[in-house]
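Colleague: The structure follows.
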Amino acid sequence: MSPFAKLLLVYDGSAEAQAALERCAQLSLALSAQVDVMSVVDAESANAHCAGLLSDLAFHRLEELARSTLDHAVRQLTGDGIVASGYVSFGRLNDVVLRHTQAFNPDLVVVGHRAQARRSRWWGSRSAHHELTERLGGTTIVTVTLPGT
Numbered sequence: 001m002s003p004f005a006k007l008l009l010v011y012d013g014s015a016e017a018q019a020a021l022e023r024c025a026q027l028s029l030a031l032s033a034q035v036d037v038m039s040v041v042d043a044e045s046a047n048a049h050c051a052g053l054l055s056d057l058a059f060h061r062l063e064e065l066a067r068s069t070l071d072h073a074v075r076q077l078t079g080d081g082i083v084a085s086g087y088v089s090f091g092r093l094n095d096v097v098l099r100h101t102q103a104f105n106p107d108l109v110v111v112g113h114r115a116q117a118r119r120s121r122w123w124g125s126r127s128a129h130h131e132l133t134e135r136l137g138g139t140t141i142v143t144v145t146l147p148g149t
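With the UniProt record's numbering, letter number 141 in the sequence shown gets 141, and the count goes up by one each step, no holes.
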């Protein structure tokens with residue numbers, strides 16, 4: 001049995017997350033590993049983007065979208081013969097991933113990555129996988145980008 005028996009895929013339905021899903025499926029099949037798929041509803045950030053006016057209806061729509069996106073990923077993995085479980089979690093992405101890794105102890109965390117625009121780099125905002133690398137000491141993180149980025 002491979003030392004990498006459990007994978008965690010952070011999935012939001014973006015093109016980068018879709019590439020990460022495909023890579024995670026390849027890894028899972030090669031390693032005979034089960035996959036936990038996590039979709040995160042970050043209502044706090046969404047609320048900040050709309051000046052604190054996020055309505056209950058909008059929040060429920062975010063949750064509904066996360067569940068639909070998660071179902072797509074889990075169906076795709078199980079269709080490939082992979083044992084997969086899905087989780088919708090609420091909170092800031094890095095906090096939620098940290099809690100999940102502490103509870104379920106995955107061997108690999110797979111995330112999609114979008115190259116930051118110059119302005120974002122200039123403002124000093126960091127991508128999620130940089131913070132995850134610092135916070136998940138000892139856990140292997142696989143960062144997947146789109147071809148050509």
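The beta carbon of each residue, even a glycine, is placed where N, CA and C say it ideally should be.
(1) Work out the CA separation of Val83 and Val35 for me, nearest whole Å.
(2) Which residues share a DSSP beta bridge with Val41?
(3) Between Leu108 and chain C, is the shortest Cβ-Cβ distance under 8 angstroms, so that the two count as touching?
(4) Is the beta carbon of Asp12 closer than 8 angstroms to that of Thr78?
(5) When DSSP builds the beta bridges, which residues end up paired with Asp36?
(6) Would you check if the distance between the CB atom of Ser14 and the CB atom of Gly81 is smaller than 8 angstroms?
(7) Over the uninterrupted beta strand (DSSP E) stretch that includes Leu29, give me the two end residues.
(8) Tell me the DSSP secondary structure of Thr145 in three-state form.
Modeller: On the basis of the supplied data:
(1) As a working note, residue 35 is residue 35 in the sequence shown. As a working note, residue 83 is residue 83 in the sequence shown. So the alpha carbons of these two residues sit roughly 6 angstroms apart.
(2) Here the question's residue 41 lines up with position 41 in the sequence shown. Bridge partners of Val41: Phe90.
(3) Absent from the structure: chain C. Only one protein chain is present.
(4) Residue numbering aside, residue 78 sits at position 78 when the sequence shown is read from its first letter. Residue numbering aside, residue 12 sits at position 12 when the sequence shown is read from its first letter. No, the Cβ-Cβ distance between Thr78 and Asp12 is not below 8 angstroms.
(5) Mapped onto the sequence shown, residue 36 falls at position 36. DSSP, once it has assigned bridges, lists Leu8, Ser85 as partnering Asp36.
(6) For this step, residue 14 is matched to residue 14 along the sequence shown. For this step, residue 81 is matched to residue 81 along the sequence shown. Not in contact: Ser14 and Gly81 (Cβ atoms no closer than 8 angstroms).
(7) Locating residue 29 in the sequence shown gives position 29, counting from the first residue. Unbroken run through Leu29 is the alpha helix (DSSP H), 15-31; no beta strand (DSSP E).
(8) Numbered from its first residue, the sequence shown carries residue 145 at position 145. It is coil, neither helix nor strand.
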